[in-house]
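Note that my numbering numbers the sequence shown so that position 35 is 53, with each residue one more than the last. For glycine and all other residues, C-beta sits at the position ideal for the given N, C-alpha and C. Model, not experiment: these values are computed from the prediction.
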Amino acid sequence: MRRRALFSLLGTAGIGSLAGCSTGFSQLITPEVASANIEAQDRECSDSPDESALITSKSDDGTQIEVTGSIAVPRIDEELYVDAQNGQGNPERNNADMEVRIDFGPPDSQANTDVPECEGQIAYNAEVEFTRQPTEVIVRHTIEEDSYTLKTITTKTINQ
């Protein structure tokens, strides 16, 4: 009788330690963002702005990418921002998928005072470095329709 109780306790402890290992393993293979930056290349007034993005790998191990593209903005003097996050906690994505979001907002300073106030597009160059190679990179732009939403611009599978 005591032997069954002992095996029961050992089984529960073993399952608990395995659950802990799987969480740790998941964190080991899930890439995180090491660094991200974006630079506006060109600002242009346009009634029908072009939106595009091209993802290229900048390293042999797949941990560094460059995104060159163009985002539609309500005012071309807007500041650009880049944010990247993995798929952890999102049931629609794999943990190792990375989403790179290109966003715009009011400038922090009046550095662009010589830029006209018009709607248009801003060409940009963004660089993102990950702690490990993602399986897929998705680039999404913030767009302004009735409200601000995210629009998928391009997706690239990173060859392992």
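Which term fits residue 44, buried or exposed, when burial requires 16 or more other beta carbons within 10 angstroms of its beta carbon?
-> As a working mapping, residue 44 is identified with position 26 in the sequence shown. Residue confidence for residue 44 is low, a pLDDT of 46 falling below 50, so the modelled location carries little weight; the figure read from the coordinates is stated next. It counts as exposed.
Where do the N-terminal and C-terminal ends of the beta strand (DSSP E) with residue 107 fall, by residue?
-> Position 89 of the sequence shown holds residue 107. No beta strand (DSSP E) contains residue 107, which DSSP labels as neither H nor E.
Please classify residue 83: does DSSP put it in a helix, a strand, or coil?
-> Counting from one through the sequence shown, the residue named residue 83 turns up at place 65. Looking at residue 83 - three-state DSSP - the assignment turns out to be strand.
Expressed to the nearest angstrom, what Euclidean distance is found between the alpha-carbon atoms of residue 71 and residue 81?
-> For the purposes of this step, residue 71 is identified with residue 53 of the sequence shown, where counting begins at 1. For the purposes of this step, residue 81 is identified with residue 63 of the sequence shown, where counting begins at 1. Taking the straight line joining both Cα atoms gives about 18 Å.
Short check: CB of residue 161 to CB of residue 173, under 7 Å?
-> As a first step, residue 161 must be located in the sequence shown, where it is residue number 143. As a first step, residue 173 must be located in the sequence shown, where it is residue number 155. Result no, Cβ atoms of residue 161 and residue 173 do not sit closer than 7 Å.
Among 94, 108, 151, 132, which has the Cα closest to the Cα of residue 123?
-> In the sequence shown, counting from the first residue as 1, residue 123 sits at position 105. Among 94, 108, 151, 132, the Cα nearest to that of residue 123 is on 94.
Using DSSP with H/G/I as helix, E/B as strand and the rest coil, what is residue 47?
-> Translated into positions along the sequence shown, residue 47 becomes position 29. Of the three classes helix, strand and coil, the one that applies to residue 47 here is helix, per DSSP.
If we ignore side chains and look at the alpha-carbon of each, how far apart do residue 42 and residue 83 end up?
-> Here residue 42 corresponds to residue number 24 of the sequence shown, with the count starting at 1. Here residue 83 corresponds to residue number 65 of the sequence shown, with the count starting at 1. Because the pLDDT of residue 42 is 45, which lies under 50, any placement of that residue in the model is unreliable, and the number read from its coordinates should be weighed accordingly. Using only the alpha carbons, I get a separation of about 26 Å.
Where residue 169 sits in the DSSP three-state scheme | Stepping through the sequence shown from its first residue, residue 169 is reached at position 151. DSSP places residue 169 in strand when its eight states are reduced to three.
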